[in-house]
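Single-structure report; data block below.
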Amino acid sequence: MNGAMVKWACLVAEAELREPLPRRWAHSHGVAQRATEVAGVVGDDAGLLVSAAVLHDVGYAPRLAVTGFHPLDGARFLRDVHAADKRLIRLVANHSLALLEAEERGLRDVLEAEFPLLDDQLLVDALLYCDMTTAPDGESTSAEARLAEITARYGDDSLVGRFIRRATPDIFAAVGRVASALSAHPR
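To convert, note that position 99 of the sequence shown is 563 in the numbering used here; the numbers rise steadily by one, no gaps.
Set out below in structure tokens:
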């Protein structure tokens, strides 16, 4: 695992989220802990997964929220301010089916042009798995409970609610693929 990248990512995420958004920081920290637990399924990309996990919501930081779409704002911050690893930036930009939400926001072309989706399906799925099985307080949860919580928080007819409805089958498929990989992976 790339310990230096993980340490840097944790410092950046904590600096941006801990004070202004403590609950978002708790979630991001929990997603990173989850990533540490499942990192074995992505092999040499374990450090990349954990780093993306802790940074996935950095774009929510008030000072970074330019477009209001956190995957895009976070990726731009990591690229423009930190010159971060390109794969890391692309994972943050596209975490948890962000392209579908970008489409709802009229930003799909922008997101795709600036930050193309990685070709590594298991790595992309692993980050989604960690996000969708971690509650807002950082505790582990089921994907079903997480989706219900998101829908309840934003409302079924909101932009995020519409995105979640569209994304649900793909979220469950990705969570299932990672669960299968975990059961096949010796610990």
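Where is the CB? At the ideal position from N, CA and C, for every residue including glycine.
Mark glycine 570 as exposed unless 16 or more other C-beta atoms lie within 10 angstroms of its C-beta, in which case mark it buried. Looking up residue 570 in the sequence shown gives position 106. Answer is exposed; the Cβ neighbour count stays below 16.
Which class does threonine 597 belong to by DSSP, given the choice of helix, strand or coil? Position 133 of the sequence shown holds residue 597. Coil, per DSSP.
Compute the distance between the beta-carbons of proline 535 and alanine 557, then report whether it is under 9 Å. Locating residue 535 in the sequence shown gives position 71, where the first residue counts as 1. Locating residue 557 in the sequence shown gives position 93, where the first residue counts as 1. Contact flag set, yes.
Which residue comes first and which comes last in the alpha helix (DSSP H) that contains tyrosine 618? Here residue 618 is taken as the residue at index 154 of the sequence shown, counted from 1. 607-618 is the extent of the alpha helix (DSSP H) around tyrosine 618.
Go to histidine 493, then tell me how far its alpha helix (DSSP H) extends in each direction, as first and last residue. Counted from its first residue, the sequence shown places residue 493 at position 29. Unbroken alpha helix (DSSP H) run through histidine 493: 486-502.
Among Asp595, Ala590, Ala529 and Ile553, nearest to glutamate 576 - alpha-carbon criterion: Taking the sequence shown and counting its residues from 1, one reaches residue 576 at position 112. If we check each option's Cα against that of glutamate 576, Ile553 comes out closest.
Answer yes or no: do leucine 582 and aspartate 521 have a C-beta to C-beta separation smaller than 9 Å? As a working mapping, residue 582 is identified with position 118 in the sequence shown. As a working mapping, residue 521 is identified with position 57 in the sequence shown. A distance of 9 Å or more separates the beta carbons of leucine 582 and aspartate 521.
Whose C-alpha, out of Glu483, His493, Arg487 and Pro484, is nearest the C-alpha of alanine 726? Past the edges of the chain, shown from 465 to 651, lies residue 726, and the structure says nothing about it.
Just the C-alpha distance for valine 470 and glutamine 497, rounded to the nearest angstrom, thanks. Numbered from 1 along the sequence shown, position 6 holds the residue referred to as residue 470. Numbered from 1 along the sequence shown, position 33 holds the residue referred to as residue 497. For valine 470 and glutamine 497, the distance between alpha carbons rounds to 11 Å.
Would the beta-carbon of tyrosine 665 fall within 9 Å of that of valine 502? Here the chain has residues from 465 to 651 only, and residue 665 is not among them.
Among Gly507, Glu478 and Thr597, which residue has its Cα nearest to the Cα of aspartate 584? For the purposes of this step, residue 584 is identified with residue 120 of the sequence shown, where counting begins at 1. Residue Gly507 is the option with its Cα nearest to aspartate 584.
At the level of alpha carbons, what is the spacing between aspartate 601 and aspartate 573? Taking the first residue of the sequence shown as 1, we reach residue 601 at position 137. Taking the first residue of the sequence shown as 1, we reach residue 573 at position 109. Between aspartate 601 and aspartate 573, the C-alpha separation is close to 33 Å.
Considering only their Cβ atoms, is the gap separating leucine 561 from leucine 512 smaller than 9 Å? Within the sequence shown, residue 512 is the residue found at index 48, counting from 1. Within the sequence shown, residue 561 is the residue found at index 97, counting from 1. No. Outside cutoff.
Grouping DSSP H, G and I as helix and E and B as strand, with all else coil, what is serine 604? Along the sequence shown, one-based indexing puts residue 604 at 140. Correct three-state label for serine 604: strand.
I need the DSSP call for valine 545, collapsed to helix, strand or coil. Taking the sequence shown and counting its residues from 1, one reaches residue 545 at position 81. Coil, per DSSP.
Residues of its chain near isoleucine 628, where Cβ-Cβ distance is below 7 Å and the 5 sequence neighbours each way are ignored: In the sequence shown, the residue the question calls residue 628 occupies position 164. Contacts found: Leu611, Ile614 and Thr615.
So, is glycine 504 buried or exposed, given that buried needs 16 or more other C-beta atoms within 10 angstroms? For this step, residue 504 is matched to residue 40 along the sequence shown. That one is exposed.
In three-state terms, what does DSSP make of glutamate 483? Looking up residue 483 in the sequence shown gives position 19. Correct three-state label for glutamate 483: coil.
Residue nearest to methionine 596 in terms of C-alpha spacing, selected from Ser647, Gly532, Pro486 and Val642: Along the sequence shown, read from residue 1 onward, the residue named residue 596 stands at position 132. Of the listed residues, the one whose Cα sits closest to methionine 596 is Val642.
Would you identify the three-state DSSP class for leucine 475, choosing helix, strand or coil? Here residue 475 is taken as the residue at index 11 of the sequence shown, counted from 1. Three-state DSSP puts leucine 475 in a helix.
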